[in-house]
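**Q**
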Amino acid sequence: MKGQEWYQADTVAEEYEAKRFSRGGRLIDRREKQAVLDAIGPVADKDVLEVACGTGRFTVMLAERGANITGLDISGPMLQQGREKAQATDVDDHVEFMRGDAARLPFPDDHFDTVFAMRFFHLADTPAAFLAEMRRVSKEQVFFDTFNRFSTRSIYNWALPMGSRLYSRWEIDRLLDGAGLELTDSEHDWLLPYGFYRKIPNELAASFRSIDTALGGTPLGEKMASVSYWNTHV
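Residue numbers for the sequence shown follow this note's numbering, beginning at 1010 and rising by one.
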C-alpha cells in the first residue's frame, strides 16, 4: 500500500502520533513545531491554511497562539483526530477542519496570509500542482518541508510502507520557479533519519541529537541533511 491509500487507512490515523512522536520521536515533533513557528512568526489574527494537516499537530498549536486557521486533509479519520484536539484545548472557535484535495484547494486567490504544509511533499504525486495551488491561495507566504535525495533518508526509503518522494536542491529550485515563489530562507537538519530516532528511547535519542546537531552545523552536514524547511514569499 502506497501514498494516499496508506495515509487514509483508519489504522494509520489511530496510531499516527503514537508511532511517530513517542520515544525519540518527541525530538522530531519539537523540532518540526519550532520550524513552523520560526517561519511564520507571530500568528495572532493571521489567516492561515495548513495543507495536509493530518491529526492537527500544527493546526491546534497555531490556533492556541491566536491564528485563524483552516486545516485541510484528504483523510477523514485524520481530521477527526484534529477536531478532538481542538475541542480538548478549547480552540475549536479558531479552527476549521475541511476534507479536500490539495491539488484543487476550495478557496479563492490570495485568500490566506500564510499557507504551509508539513510531512506532505514526500507523498505528493504531482508536487508542482500542489505547490502552485498553495501559492495561488496565499497572498504572502508559503512554507513547506521536504525529504532530501542525497541523504541518509535514501538508505532506508525502500523499507517505508509508502513510496516516499525525495528531492534534490535542483528539483526544489525548479518547483519554486514554476510556482512563482521566491525563496527567502531555508534550514537543513537531521543527518540521522527520522526512523532511527523513533526506534530508540527519548533519553538516548537526546544524546544522538546533540551529535547530529553539531555535525549538521558544518558545511558537509548541511549538504547531507535529510530534511529541509523552505520558507518562501509570493
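Using N, Cα and C, we set each Cβ at its ideal position, and we do this for glycine too. These numbers come from a predicted model, not from an experiment.
Taking only three categories from DSSP, how would you classify residue 1011?
**A** Residue confidence for residue 1011 is low, a pLDDT of 48 falling below 50, so the modelled location carries little weight; the figure read from the coordinates is stated next. In the structure shown, residue 1011 sits in coil (DSSP, three-state: anything other than H, G, I, E or B).
**Q** From this set, 1213, 1228, 1079, which residue's C-alpha is nearest residue 1126's C-alpha?
**A** Of the candidates 1213, 1228, 1079, the one whose C-alpha sits nearest the C-alpha of residue 1126 is 1079.
**Q** Let me confirm a value: residue 1234 is counted as buried when at least 16 other C-beta atoms fall within 10 Å, else exposed. Which label applies?
**A** So residue 1234 counts as buried.
**Q** Kindly indicate the opening and closing residues of the alpha helix (DSSP H) around residue 1220.
**A** Element bounds for residue 1220: 1211 to 1225.
**Q** Any idea if residue 1229 is buried or exposed, counting beta-carbon neighbours within 10 angstroms, 16 or more meaning buried?
**A** Exposed is the call here.
**Q** At which residue ranges does the segment 1134 to 1164 contain complete beta strand (DSSP E) runs of 3 or more residues, listed in the order of the chain?
**A** With a minimum length of 3 residues, the continuous beta strand (DSSP E) runs that stay inside the segment 1134 to 1164 are 1147 to 1156.
**Q** Based on Cα-Cα distance, which residue from 1174, 1210, 1118 lies nearest to residue 1135?
**A** Residue 1135 has its Cα closest to that of 1174, out of 1174, 1210, 1118.
**Q** Since residue 1035 contacts residue 1211 with CB under 8 Å, what's their CB separation in whole angstroms?
**A** That belief holds up - the Cβ atoms of residue 1035 and residue 1211 are roughly 5 Å apart, short of 8 Å.
**Q** Using DSSP's beta-bridge definition, name the partner residues of residue 1241.
**A** 1151, 1192.
**Q** Can you name, in chain order, every residue of its own chain whose Cβ lies under 6 Å from the Cβ of residue 1049, other than the five neighbours on each side?
**A** Here the set comprises 1123.
**Q** Quick test of your reading: residue 1196 and residue 1237, contact by CB under 8 Å. State the CB separation rounded to the nearest angstrom.
**A** Residue 1196 to residue 1237, Cβ: 7 Å. Contact.
**Q** Helix, strand or coil: which one does DSSP assign to residue 1067?
**A** In the structure shown, residue 1067 sits in a helix (DSSP, three-state: H, G or I).
**Q** Have a look at residue 1153 and residue 1118 and give me their C-alpha separation to the nearest angstrom.
**A** Computed Cα separation, rounded: 19 Å.
**Q** First and last residue of the alpha helix (DSSP H) that includes residue 1048?
**A** Residues 1034 to 1049.
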